[in-house]
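**Student:**
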Amino acid sequence: KVTVSVLYWPRGMHLVGDQQRLPIKQRTAAEKLFKRLNTFIIAAHLACYLIDLSSVVIASPKTFTNTIWGVSEWGLKPVLDAKTANCSYLTVDRVRGFADTPLNVSAANHAIIFAELAVNVRFCLIVTAVAVVVGAANKMIFDFNIFEFRIGKSVLLHKEVITLTEFVFVCLSIQSATEAERYAAILRPYLRACDVTSE
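Here the working numbering = 1-based position in the sequence shown + 30.
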């Protein structure tokens with residue numbers, strides 16, 4: 031089966047098969063600009079991810095007695111337990127649809143906030159890693175001018191599906207980073223009030 035395109039010329043109409051048309055060898059100026067911009071975005075995304083990952087890898091052993099990368103027994107470092115044992119801090123939090131809900135952070139309930147922060151940071155790093163990988167794959171697909179993939183005989187996957195997947199993972203990473211920042215914003219003044227400073 032040969033697909034036929036109809037071309038209109040001033041002197042009439044000619045039928046030209048897809049195999050006979052000359053391919054466009056060069057990219058337009060807009061495509062070249064997008065290609066450079068896409069390279070910069072992927073590089074910036076990767077750099078930010080590596081900086082955040084190294085910060086978490088350095089900070090989590092100084093905060094928790096066990097790893098945050100899997101299911102483990104809860105425990106803060108003894109120095110944190112000692113400094114926060116008799117310390118409390120009144121702050122506000124967003125609970126569901128209610129902003130400025132009073133919250134008294136103390137040794138009795140700070141474990142939940144620390145645990146939520148750790149889980150959200152871990153989820154954010156995993157989702158962002160997937161977003162970087164899918165974004166790099168999407169960039170390579172754009173660079174090689176690939177528009178669709180055939181998997182087997184019956185599955186046809188368009189490039190737009192990969193672009194949408196990248197967009198979804200970027201949105202998830204932004205949402206999880208926002209949620210992690212919510213818990214970090216509660217803990218920062220609490221730890222300062224308890225005279226805990228970072229190294």
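A virtual CB, placed ideally from N, CA and C, is assigned to each residue, including glycine.
Ordered along the chain, which non-local residues of its own chain (more than five positions away) have a Cβ less than 6 Å from that of HIS188?
**Tutor:** Walking along the sequence shown from the start, residue 188 turns up at place 158. Closer than 6 Å at the Cβ level, and outside the excluded window around HIS188, lie GLU178.
**Student:** Under a Cβ-count criterion, where at least 16 other Cβ atoms within 10 Å of its own Cβ denotes burial, should ILE142 be classed as buried or exposed?
**Tutor:** Counting from one through the sequence shown, the residue named residue 142 turns up at place 112. Label assigned to ILE142: exposed.
**Student:** Quick one, are the C-beta atoms of ILE72 and GLY165 less than 8 Å apart?
**Tutor:** If you number the sequence shown from 1, residue 72 lands on position 42. If you number the sequence shown from 1, residue 165 lands on position 135. Going by C-beta atoms, ILE72 is nearer than 8 Å to GLY165.
**Student:** Quick one: complete alpha helix (DSSP H) runs, 4+ long, within the segment 121-158?
**Tutor:** Runs found: none.
**Student:** Check SER118 in the structure and name its three-state DSSP category.
**Tutor:** In the sequence shown, counting from the first residue as 1, residue 118 sits at position 88. Note: SER118 maps to strand in three-state DSSP.
**Student:** Taking DSSP's pairing of strands, which residues face ILE181 in a bridge?
**Tutor:** Counted from its first residue, the sequence shown places residue 181 at position 151. ILE181 pairs with VAL185.
**Student:** Cα-Cα, which of ARG180, MET170, VAL162, ILE88 is closest to VAL198?
**Tutor:** Sequence index remark: in the sequence shown, residue 198 carries index 168 (1-based). That would be VAL162, whose Cα lies nearest to the Cα of VAL198.
**Student:** Using three-state DSSP, classify PHE197 as helix, strand or coil.
**Tutor:** The residue you call residue 197 lines up with position 167 of the sequence shown. PHE197 falls in the helix class under three-state DSSP.
**Student:** Looking only at its own chain, which residues have a Cβ that is under 8 Å from the Cβ of PHE128, when we skip the five neighbours before and after it?
**Tutor:** Here residue 128 refers to the residue found at position 98 of the sequence shown. Result list for PHE128: empty, nothing under 8 Å.
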